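Asker: Here's a structure for you.
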């Protein structure tokens with residue numbers, strides 16, 4: 001089992017992933033995971049200069065990287081699925097096209113990438129409803145795949161590690177963050193108001209780079225920037241850009 005896990009991890013990193021994790025997805029309803037028991041979670045990070053640039057408002061550069069990283073993730077998880085299929089296993093990459101076809105905005109027909117990541121021990125859901133990693137904070141994009149390959153799965157993270165920190169709550173321009181801690185039995189709507197978040201992101205996108213619509217895009221990123229784990233990575237000169 002170790003050999004396929006190690007070779008797949010190496011291939012995904014070679015294809016551009018910054019973090020790779022494998023998780024036991026058996027706790028997720030079978031119909032959502034298409035009967036496949038294992039998840040592959042992949043994260044790629046934003047460049048430091050891009051995140052530093054959104055300290056006040058989102059930028060066109062940030063929005064461009066948002067899209068570029070999503071496309072990069074599609075290529076990475078598709079390559080990983082091809083490797084697994086070549087080894088004789090079933091694999092379903094949760095690409096943008098797949099998610100769009102099977103469920104709107106990670107609706108009832110798909111499993112959120114953040115669920116894969118927490119099951120794979122990559123990180124936890126922060127108070128702002130973003131995945132938080134020890135390595136890069138929240139300055140990442142995520143994708144995932146489902147498989148029946150016997151990968152070496154990690155210990156899942158079932159509870160928030162944010163503790164009493166309320167930096168993102170205090171900084172959120174939408175007031176969308178309640179401050180309640182996430183755990184696997186807490187729904188997003190119980191601690192985060194996505195409607196408020198999106199409305200304010202539209203306003204801030206318009207101010208920042210003329211965005212805020214379907215053509216020019218809607219992003220914010222304030223909670224990504226202020227997260228202490230993100231700031232720790234930004235300050236670390238040894239990690240480069």
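In this note's numbering, the protein residues as written are 1 to 241.
Backbone N, C-alpha and C fix where the C-beta goes; we use that ideal spot for every residue, glycine too.
Note that the structure is predicted; figures quoted are calculated from it, not measured.
(1) What's the gap between the Cα of residue 121 and the Cα of residue 154?
(2) How do the segment 225-232 and the segment 164-181 stand: do at least 3 beta-carbon pairs fall below 8 Å, yes or no?
(3) When you compare each of 79, 70, 130 to residue 13 by their alpha carbons, which one comes out closest?
(4) Taking the alpha-carbon positions, what's the residue 230 to residue 124 distance?
(5) Does the beta-carbon distance from residue 257 to residue 119 come in below 7 Å?
(6) Tell me where the beta strand (DSSP E) around residue 153 begins and ends.
(7) Roughly how many angstroms lie between the CA atoms of residue 70 and residue 113, to the nearest whole one?
(8) In the DSSP assignment, what are the bridge partners of residue 45?
(9) Using a threshold of 7 Å, state whether the C-beta atoms of residue 25 and residue 34 are closer than that.
(10) Which runs of the alpha helix (DSSP H), 4 residues or longer, sit entirely within the segment 29-104?
(11) Are residue 220 and residue 204 close, meaning C-beta to C-beta below 7 Å?
(12) Leaving out five residues before and five after residue 172 in sequence, what residues of the same chain have Cβ atoms less than 7 Å from its Cβ?
(13) Which stretch, first to last residue, makes up the alpha helix (DSSP H) that contains residue 224?
(14) Tell me whether the segment 145-153 and the segment 47-61 touch, counting them as touching only if at least three CB pairs, one residue from each stretch, are closer than 8 Å.
(15) Around the Cβ of residue 131, are there at least 16 other Cβ atoms within 10 angstroms (buried) or fewer (exposed)?
(16) Between residue 192 and the rest of its own chain, which residues show a CB-CB distance below 8 Å, the 5 nearest in sequence each way excluded?
(17) Look up residue 20 in the DSSP assignment and give the residues it is bridged to.
(18) Hey, how far is the Cα of residue 77 from the Cα of residue 95?
(19) Given residue 84, which residues of its chain have a CB within under 6 Å of its CB, disregarding the five upstream and five downstream residues?
(20) Expressed to the nearest angstrom, what Euclidean distance is found between the alpha-carbon atoms of residue 8 and residue 233?
(21) Could you tell me which residues DSSP puts in a beta bridge with residue 124?
(22) Is the beta carbon of residue 41 less than 7 Å from the beta carbon of residue 152?
(23) Quick one: what does DSSP say residue 167 is sitting in, helix, strand or coil?
(24) For a quick check, are the C-beta atoms of residue 211 and residue 217 less than 7 Å apart?
Answerer: Considering the structure as presented:
(1) Position 121 of the chain shown, counted from the start, is the residue given in the question as residue 121. Position 154 of the chain shown, counted from the start, is the residue given in the question as residue 154. In a straight line, the C-alpha of residue 121 is about 6 Å away from that of residue 154.
(2) yes
(3) On the chain shown, position 13 is the one that residue 13 refers to. Checked all of 79, 70, 130; the closest Cα to residue 13 is 79.
(4) As a working mapping, residue 230 is identified with position 230 in the chain shown. As a working mapping, residue 124 is identified with position 124 in the chain shown. Spanning the two alpha carbons is a distance of roughly 14 Å.
(5) Residue 257 lies beyond the range of the chain shown here (1 to 241); nothing can be said about it.
(6) Taking the first residue of the chain shown as 1, we reach residue 153 at position 153. Per DSSP, residue 153 belongs to no beta strand (DSSP E) and is neither H nor E.
(7) As a position in the chain shown, residue 70 is number 70, starting the count at 1. As a position in the chain shown, residue 113 is number 113, starting the count at 1. When rounded, the distance between both Cα atoms is 12 Å.
(8) As a position in the chain shown, residue 45 is number 45, starting the count at 1. Residue 45 is bridged to 140.
(9) As a working note, residue 25 is residue 25 in the chain shown. As a working note, residue 34 is residue 34 in the chain shown. No, these two residues do not count as a Cβ contact at 7 Å.
(10) 48-52, 60-86, 96-102
(11) Start at 1 with the first residue of the chain shown, and residue 220 comes out as number 220. Start at 1 with the first residue of the chain shown, and residue 204 comes out as number 204. Closer than 7 Å, so yes.
(12) Against the chain shown, residue 172 aligns to sequence position 172. Result list for residue 172: 128, 222, 223, in chain order.
(13) If you number the chain shown from 1, residue 224 lands on position 224. It spans 222-226 - the alpha helix (DSSP H) in which residue 224 sits, taken as one unbroken run.
(14) no
(15) The residue you call residue 131 lines up with position 131 of the chain shown. The residue in question, residue 131, is buried, as its Cβ has 16 or more Cβ neighbours within 10 Å.
(16) For the purposes of this step, residue 192 is taken as the residue at position 192 of the chain shown. Once the five neighbours on either side are set aside, the close Cβ partners of residue 192 are 127, 128, 129, 176, 177, 178.
(17) In the chain shown, residue 20 corresponds to position 20, counting from 1. The partner list for residue 20 (beta bridge, DSSP) reads 42.
(18) Here the question's residue 77 lines up with position 77 in the chain shown. Here the question's residue 95 lines up with position 95 in the chain shown. If I take the Cα positions, the gap works out to 7 Å.
(19) The sequence position of residue 84 within the chain shown is 84, counting from 1. Result list for residue 84: 91, 147, 149, in chain order.
(20) As a working mapping, residue 8 is identified with position 8 in the chain shown. As a working mapping, residue 233 is identified with position 233 in the chain shown. Answer to the nearest angstrom: the Cα atoms are 26 Å apart.
(21) Working through the chain shown from its first residue, we reach residue 124 at position 124. Answer by DSSP bridge pairing, in chain order: 132.
(22) By one-based count along the chain shown, residue 41 stands at place 41. By one-based count along the chain shown, residue 152 stands at place 152. Going by C-beta atoms, residue 41 is not nearer than 7 Å to residue 152.
(23) For this step, residue 167 is matched to residue 167 along the chain shown. Residue 167: helix per DSSP, three-state reduction.
(24) Position 211 of the chain shown, counted from the start, is the residue given in the question as residue 211. Position 217 of the chain shown, counted from the start, is the residue given in the question as residue 217. Taking 7 Å as the Cβ cut-off, residue 211 and residue 217 qualify as a contacting pair.
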